[in-house]
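Engineer: My structure is below; once you've seen it, I'll send some questions.
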Amino acid sequence: MQAMDGRLNRPITQEEIQTYQQDGIVCLRGYFDSDWIEHLRKMVDEDMKTPSPMCKDVDNDEEHKGFFFDTFISHHMDGFDKAVRESPGAEIAGRLMRSNKVNLLFDQLLIKDPGAITRTVWHHDATYWPVAG
0 MQAMDGRLNR PITQEEIQTY QQDGIVCLRG YFDSDWIEHL RKMVDEDMKT PSPMCKDVDN
60 DEEHKGFFFD TFISHHMDGF DKAVRESPGA EIAGRLMRSN KVNLLFDQLL IKDPGAITRT
120 VWHHDATYWP VAG
């Protein structure tokens, strides 16, 4: 496993890249070691305790809370910025997109507790982020 230095612990295969290019999604396991997982869990817990001004209450029933939504997290918390810049995520994205540069346009947390009844509204990201390239 790789340490928290962002290097990949194995190459992404051409088959995985082709799957991503064809389907827009691919399952890649084992790129984030236990240190990164723990770091991200800590950041999520911190954000849920003290959300940013961009946090929205999306629960539609005051009695049944359990859906947390916050945006632009890496702009508000250094720990998320560290994950964006130093984790294997950017390199993975670049390789899958066959790009030597990756730009972060938007980040968000959508966290649903088990049994949460608030539905996630159906949407398509392309209408929100009409980006070419």
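The sequence shown: position 98 = 97 (numbering that gives the first Met the number 0), numbered continuously. By construction, the Cβ of each residue, glycine as well, lies at the ideal position given by its N, Cα and C atoms. Just so you know, these numbers come straight off a predicted model, no measurement behind them.
Give a yes or no on contact between the segment 75-88 and the segment 26-39, applying the rule of three or more CB pairs nearer than 8 angstroms.
Structural biologist: Judged by Cβ distances under 8 angstroms, the segment 75-88 makes contact with the segment 26-39, as three or more pairs qualify.
Engineer: Any heavy atom of the ligand ADP closer than 7 angstroms to the Cβ of residue 55?
Structural biologist: Ligands displayed in this structure: none; no statement on the ligand ADP is therefore possible.
Engineer: Quick one: what does DSSP say residue 117 is sitting in, helix, strand or coil?
Structural biologist: coil
Engineer: Where does residue 72 land, buried or exposed, given buried means 16+ other C-beta within 10 angstroms?
Structural biologist: buried
Engineer: Determine whether the beta carbon atoms of residue 109 and residue 83 lie at a separation below 8 angstroms.
Structural biologist: no
Engineer: What residues match up with residue 110 in a beta bridge as DSSP calls it?
Structural biologist: 67
Engineer: May I ask which residues mark the beginning and end of the alpha helix (DSSP H) holding residue 79?
Structural biologist: 77-85
Engineer: According to the neighbour-count rule (16 or more other Cβ atoms, all chains shown, within 10 Å of its Cβ), is residue 53 buried or exposed?
Structural biologist: exposed
Engineer: Tell me which residues share the same chain as residue 26 and place their Cβ nearer than 8 angstroms to its Cβ, disregarding the 5 neighbours each side in the sequence.
Structural biologist: none
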